[in-house]
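Residue numbering for the sequence shown follows full-length UniProt numbering, starting at 1 and increasing by one per position. Cβ coordinates follow ideal geometry from the N, Cα and C atoms, glycine included. All figures in this text were calculated on a predicted structure; none of them were measured in a lab.
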Amino acid sequence: MSFEEVGERFWQWLKDIGVEISPKIALHDYRNQGQGRGVIAVEDIAKGETLFSIPREAVMSVDNDSQFESLIAGKDFGPWIDLIAYMMTIDQSEKWKPYFDVLPTQFNTPMFWDEAETRKLLKGSAVVDKIGKSEAEEQYKAALEPFFASNPQLAGEKSVESFHRMGSVIMSYSFDVFAKPENQDDKKSGNGEGSDDEEEEEEEMSVKAMVPLADMLNAHTRLCNANLCHDDKNHKVLEMRAIKNIPKGGQVYNTYGELPNSDLLRRYGYAEAGGTEFDVVEVSTETMGRAIVDLKLASSEKVNQAISQLESMADEDVLPFYDDAYDVPVSGEPDLTNLVVLSLLEVLATQDKSSLPSMKKLVKNAIRTAEEAQLTESARDIWTRAIELRLQDYSSDLVEEAKSDPNVSPKDDVIVEKNAMCREVLLGEVRILLRTAEWANGVDVIPVEKLLKDKRKGEDSKESRKKSKKN
């Protein structure tokens, strides 16, 4: 069948399973824009209008198939693996064929690229270490191979290739929807009383699902004009609603969330031209440590000891936000946790232990100065050198291009050609590095004594006043 015929068959199938579709929308071929099949407004649509509604029982989810649900119950695979396993067993079924026919069988994401080529195309970006192909295959071998072996009656292709395909389909197209009411009751009764963790409870009350038609909407971080939600009065129905006015001829967009281009590339196989407002670049704690050594502020041994101490402080909950790396946002100004760790790393690596206050006091001092966007001169130099080291991770021609055009505005276009979208991601990251270097040049510099003594002096003064009162 042709592209159009497959779409028409899918459209009829949607109606057959109870999806109610507004006459103001239709499927549309956006392949010439690199976006495949999408949804177009064929009439003006007002904010708040329902574009379509779908019965909860019509979505593709494990809890809509009691037989499969009973097989996988108690396996504790998690919602992702549960749904992957389910889709692997039904991809040849007549019931779901019109739906699977409009879902992709090939993906333009790094998961499916040659590893050597990926490292070359994305040289410098931390995204190359987040693809997770080997980890995914370990999950397949540990969880699904034994599951399928113990359930030979299940149909479908059960290869690791099918696992990767279904995982990528779910990554790109799935939604979190409320669990069916009867399953919510089961989960609530099993949770016990007194649970005050609302986020965990909400996660417990949702399941991963494929929602036909909802997943035909293309996504854009800035152009999103529709959202999927449950009917306000009836969780048995999901609705796609316009959140903005959509003119006739306009594309209906959803969003994957507040994601940088690097994640759009890694997960979905495209990048937004000019970057997204959520773009980031990663700077590791190890790179900050290398900068200290490069500047001859401390030895490698001292730096390693300081990093080990920070890790211990994290384990002891003295420094719960410590991490191996930090994301610098598109503005170029590091966030508070990044600045705190930078200051602590500098002090622990370069200062004599006898000059340090307690670790809790030191952390409080570092937080206070970070809140005021202040750094010691050495910390500023360390950050500047760390940025220089990160820039060296990228090709020199890329850095020069970013320098010549540092403030590109985001555009509506999306990029899907492999080389071009990788370059777009890298340029966005380099531009952030250049901005954070500029930020460091203008940062408010403080003496290191403010980190070491201010808090302690204040407490000493309080203690002196107490003694004076007693006398």
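Residues sharing a beta bridge with residue i, DSSP
{"i": "Cys229", "result": "Glu239"}
{"i": "Ile40", "result": "Ala26, Gln251"}
{"i": "Tyr326", "result": "Val283"}
{"i": "Thr376", "result": "Ile446"}
{"i": "Asn234", "result": "Asp231"}
{"i": "Asp176", "result": "Lys208"}
{"i": "Glu272", "result": "Val414"}
{"i": "Asn218", "result": "Tyr253"}
{"i": "Ile246", "result": "Ile45"}
The alpha helix (DSSP H) enclosing residue i, as first and last residue numbers
{"i": "residue 475", "result": "Since the displayed the chain opens at 1 and closes at 471, residue 475 lies outside it and no answer follows."}
{"i": "Asn412", "result": "The displayed chain sequence assigns Asp, not Asn, to residue 412. Where Asp412 is concerned, there is no enclosing alpha helix (DSSP H), given that its DSSP letter is neither H nor E."}
{"i": "Ser162", "result": "160-173"}
{"i": "Asp397", "result": "396-404"}
{"i": "Phe100", "result": "97-100"}
Local Cβ density within 10 Å of residue i, reported as buried at 16 or more and exposed below that
{"i": "Val160", "result": "exposed"}
{"i": "Glu417", "result": "exposed"}
{"i": "Glu202", "result": "Unreliable positioning characterises Glu202 in this predicted model, as indicated by a pLDDT of 48, which lies under 50. A coordinate reading is not provided."}
{"i": "Gly192", "result": "Per-residue confidence for Gly192 stands at a pLDDT of 37, beneath the threshold of 50, marking its modelled position as unreliable; no derived number is given."}
{"i": "Asp114", "result": "exposed"}
{"i": "Gln251", "result": "buried"}
{"i": "Pro300", "result": "One detail in the question is off: residue 300 reads as Ser in this sequence, not Pro. The residue is exposed, with fewer than 16 neighbouring Cβ atoms inside 10 Å."}
{"i": "Val445", "result": "exposed"}
{"i": "Leu375", "result": "buried"}
{"i": "Met1", "result": "exposed"}
{"i": "Asp380", "result": "Residue identity check: residue 380 is Arg in the sequence provided, not Asp. The residue is buried, with at least 16 neighbouring Cβ atoms inside 10 Å."}
{"i": "residue 473", "result": "What the structure shows of the chain is the stretch from 1 to 471, and residue 473 is not part of that stretch, so it cannot be assessed."}
{"i": "Asp76", "result": "exposed"}
{"i": "Ser378", "result": "buried"}
{"i": "Gly18", "result": "exposed"}
{"i": "Gly167", "result": "buried"}
{"i": "Gly275", "result": "buried"}
{"i": "Pro334", "result": "buried"}
{"i": "Asp352", "result": "exposed"}
{"i": "Ala116", "result": "exposed"}
{"i": "Pro212", "result": "buried"}
{"i": "Arg222", "result": "exposed"}
Beta carbon of residue i nearer than 9 Å to that of residue j
{"i": "Pro104", "j": "Val169", "result": "yes"}
{"i": "Gly34", "j": "Ile415", "result": "yes"}
{"i": "Asp65", "j": "Lys208", "result": "no"}
{"i": "Ser61", "j": "Glu429", "result": "no"}
{"i": "Ile432", "j": "Val328", "result": "yes"}
{"i": "Pro23", "j": "Val237", "result": "no"}
{"i": "Arg267", "j": "Met171", "result": "yes"}
{"i": "Glu137", "j": "Phe163", "result": "yes"}
{"i": "Phe68", "j": "Ile25", "result": "no"}
{"i": "Ser206", "j": "Asp176", "result": "yes"}
{"i": "Tyr270", "j": "Asn108", "result": "yes"}
{"i": "Val347", "j": "Leu362", "result": "yes"}
{"i": "Ile382", "j": "Leu345", "result": "yes"}
{"i": "Ala349", "j": "Ala306", "result": "yes"}
Range covered by the beta strand (DSSP E) that runs through residue i
{"i": "Ser53", "result": "50-55"}
{"i": "Ser206", "result": "206-210"}
Heavy atom of the ligand NAD within 8 Å of residue i beta-carbon
{"i": "Thr109", "result": "What this structure holds is no ligand at all, so the ligand NAD is not there to describe."}
Closer than 9 Å to chain D by CB, residue i
{"i": "Tyr270", "result": "Given the protein chain composition of this structure (a single chain), no chain D is represented."}
Requested in this report: Please confirm if the stretch 382-389 is in contact with the stretch 402-421, defined as three or more CB-CB distances below 8 Å between the two stretches.
Outcome: no
Report task. Take every Cβ of the stretch 436-452, pair it with every Cβ of the stretch 121-131, and state whether three or more of those distances are shorter than 8 Å. Result -> no
Query raised in the report: Is the stretch 7-23 close to the stretch 83-100, with three or more CB pairs under 8 Å?
Result: yes
Requested in this report: Give a yes or no on contact between the stretch 278-297 and the stretch 234-249, applying the rule of three or more CB pairs nearer than 8 Å.
Outcome: no
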